[in-house]
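Novice:
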Amino acid sequence: MKNIYLDNAATTQVRESVIVKMQDALATLYGNPSSTHSFGRSAKTVVESARKTIAKGLNAHPSEIIFTSGGTEADNMILRCAVRDLGVRTIITSKIEHHAVLHTVEELEKEYGIKLLYVDLDVFGNPNMGHLEKLLQNDDSKKLVSLMHVNNEIGNLLDIDEVLVLCKKYSAYFHSDTVQSIGHYNWDVKKTPVDFMTAAAHKFHGPKGIGFAFIKKNSGLCPLISGGSQERGLRAGTEAFHNIVGLEEAFINAYDKLNEEKALVTELKRYFIEKLTSEIPKVKFNGYSGDLDKSTYTLVNVCLPIEAQKALMLLFHLDMKGVACSKGSACQSGSGMGSHVLAEILSEEQMARPSLRFSFSHYNTKEELDYTIAVLKEFIEQ
Numbered sequence: 006m007k008n009i010y011l012d013n014a015a016t017t018q019v020r021e022s023v024i025v026k027m028q029d030a031l032a033t034l035y036g037n038p039s040s041t042h043s044f045g046r047s048a049k050t051v052v053e054s055a056r057k058t059i060a061k062g063l064n065a066h067p068s069e070i071i072f073t074s075g076g077t078e079a080d081n082m083i084l085r086c087a088v089r090d091l092g093v094r095t096i097i098t099s100k101i102e103h104h105a106v107l108h109t110v111e112e113l114e115k116e117y118g119i120k121l122l123y124v125d126l127d128v129f130g131n132p133n134m135g136h137l138e139k140l141l142q143n144d145d146s147k148k149l150v151s152l153m154h155v156n157n158e159i160g161n162l163l164d165i166d167e168v169l170v171l172c173k174k175y176s177a178y179f180h181s182d183t184v185q186s187i188g189h190y191n192w193d194v195k196k197t198p199v200d201f202m203t204a205a206a207h208k209f210h211g212p213k214g215i216g217f218a219f220i221k222k223n224s225g226l227c228p229l230i231s232g233g234s235q236e237r238g239l240r241a242g243t244e245a246f247h248n249i250v251g252l253e254e255a256f257i258n259a260y261d262k263l264n265e266e267k268a269l270v271t272e273l274k275r276y277f278i279e280k281l282t283s284e285i286p287k288v289k290f291n292g293y294s295g296d297l298d299k300s301t302y303t304l305v306n307v308c309l310p311i312e313a314q315k316a317l318m319l320l321f322h323l324d325m326k327g328v329a330c331s332k333g334s335a336c337q338s339g340s341g342m343g344s345h346v347l348a349e350i351l352s353e354e355q356m357a358r359p360s361l362r363f364s365f366s367h368y369n370t371k372e373e374l375d376y377t378i379a380v381l382k383e384f385i386e387q
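Per our numbering, the very first residue in the sequence shown carries number 6; after that it's consecutive.
1. Do Ile-220 and Ala-245 come within 8 Å of each other at the CB atom, strictly closer than that value?
2. Hey, is the stretch 261-275 in contact with the stretch 55-62, meaning 3+ C-beta pairs nearer than 8 Å?
3. Using 8 Å as the Cβ pair cut-off and three pairs as the minimum, do the stretch 144-152 and the stretch 175-182 touch?
4. In this structure, what does DSSP give as the bridge partners for Leu-361?
5. In the structure shown, what three-state DSSP assignment does Ala-335 receive?
6. Going along the chain, which residues of its own chain have a beta-carbon closer than 7 Å to the beta-carbon of Gly-242, five neighbours each way excluded?
7. First and last residue of the alpha helix (DSSP H) that includes Gly-251?
8. Going by the DSSP bridge assignment, what does Met-134 pair with across the sheet?
9. Do you know how far the Cα of Pro-212 is from the Cα of Phe-72?
10. Return the residue from the list Asp-200, Phe-384, Asn-156 that minimises the CA-CA distance to His-104.
11. Run the CB neighbour count on Gly-76, radius 10 Å, all protein chains shown included, and call it buried at 16 or more, exposed below.
12. Under the rule that 16 or more other beta-carbon atoms within 10 Å means buried, what is Ala-14, buried or exposed?
13. Under the rule that 16 or more other beta-carbon atoms within 10 Å means buried, what is Phe-325, buried or exposed?
14. Are Leu-31 and Ser-47 touching if we call contact CB-CB under 8 Å?
15. Once you ignore the five residues that flank Lys-196 on each side, which residues in its own chain have a CB closer than 8 Å to its CB?
16. Below 8 Å, how does it come out for the stretch 344-363 and the stretch 280-295: are there three or more Cβ pairs, yes or no?
17. Would the beta-carbon of Glu-349 fall within 8 Å of that of Leu-126?
18. Please name the residue in Leu-263, Ser-344, Glu-138 whose C-alpha comes closest to that of Ile-187.
19. How long is the line joining the alpha carbons of Met-134 and Tyr-293, rounded to whole angstroms?
20. Quickly, what does DSSP pair Ser-151 with across the bridge? List them, please.
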């Protein structure tokens with residue numbers, strides 16, 4: 006049976022060099038980074054080296070990089086602490102954010118009585134900037150805008166610079182979930198001065214269970230997790246040392262090879278769009294995912310011309326044929342619920358048909374895409 010992995014937006018294959026580095030760290034550098042003896046100092050040195058590597062890559066200060074268990078924790082930390090510590094009373098977001106943001110702001114609304122506002126979206130899932138300005142303009146409280154850079158389901162790219170102009174104009178903090186961006190796009194936090202952003206190593210060929218929050222220097226945030234002075238006092242708990250080593254190695258590789266791998270993956274996406282459109286003419290692309298200029302190069306989200314009853318077997322059929330993809334984010338795939346992202350931008354008739362997300366990496370080939378499209382076409386025609 007074939008073994009084709011096209012769910013890289015959910016998680017990615019770990020690079021061999023990352024595994025080697027992590028194995029070495031587990032075997033030889035087992036001291037607690039908080040300990041003062043030589044074993045601890047050796048571990049601490051490597052943790053701080055990783056922090057400096059990431060900070061340099063983002064043109065940030067090392068103190069602005071806080072290691073977390075991943076993007077979800079980082080989003081929670083930033084949003085909760087912004088309300089608790091910075092006095093944020095209004096959060097403006099969209100209804101197609103990742104649930105790490107959506108569920109958190111909903112809880113903050115209940116717990117703290119904050120005002121929660123949603124910016125209007127167009128039919129492709131893009132925030133209406135005119136409406137965002139009205140929301141900012143009509144609220145005199147301390148505000149935070151939270152909008153993701155790359156949508157994890159439909160791949161739309163946010164014009165972050167335009168959002169930043171509005172946030173600066175109306176004195177609002179800006180948080181961006183950049184989990185699908187870090188490792189795939191160059192970032193310079195001096196040129197793109199977001200207040201807060203987040204990352205997860207497993208989205209760019211690193212290990213699961215490790216990520217980081219970028220928190221602008223002197224932000225005023227206090228710890229969300231208490232119990233120790235680790236991570237500049239912002240995140241208590243013994244550092245996941247081996248994972249931090251893996252994160253650093255994955256980060257270095259992602260940016261050293263960015264141009265080469267981006268070109269390869271972009272070509273895979275272009276080929277997939279052209280071949281799929283040719284073989285299954287009635288296919289539709291959700292959001293901007295079919296547009297190479299307006300969406301990330303790493304994924305497409307397609308609506309297939311299959312009746313609802315027959316569609317129930319589609320993912321099972323693909324899995325049996327050795328093809329791994331997703332009906333939405335991985336967080337939803339096992340829930341039986343439809344995509345909250347697609348529900349915001351598609352009609353009821355469109356929602357009745359199956360939509361699948363295919364996401365690519367440099368490990369994929371055109372031959373794999375040919376096979377996948379053949380499997381889809383066979384299922385539709387049978």
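Yeah, the Cβ is synthetic: ideal placement off N, Cα and C, and Gly gets one too.
Specialist: Short version:
1. no
2. no
3. yes
4. Val-307
5. The pLDDT assigned to Ala-335 is 47, lower than 50, so where the model puts this residue is not dependable; a value taken from the coordinates is nonetheless given after this. Three-state result, Ala-335: helix.
6. Ile-230, Gly-232, Gly-233, Gln-235
7. 246-261
8. Partner(s): none; Met-134 has no beta bridge.
9. 13 Å
10. Asn-156
11. buried
12. buried
13. Note on identity: in this sequence residue 325 is Met, with Phe being the wrong assignment. Result: exposed.
14. no
15. Asn-64
16. yes
17. yes
18. Leu-263
19. 17 Å
20. His-180
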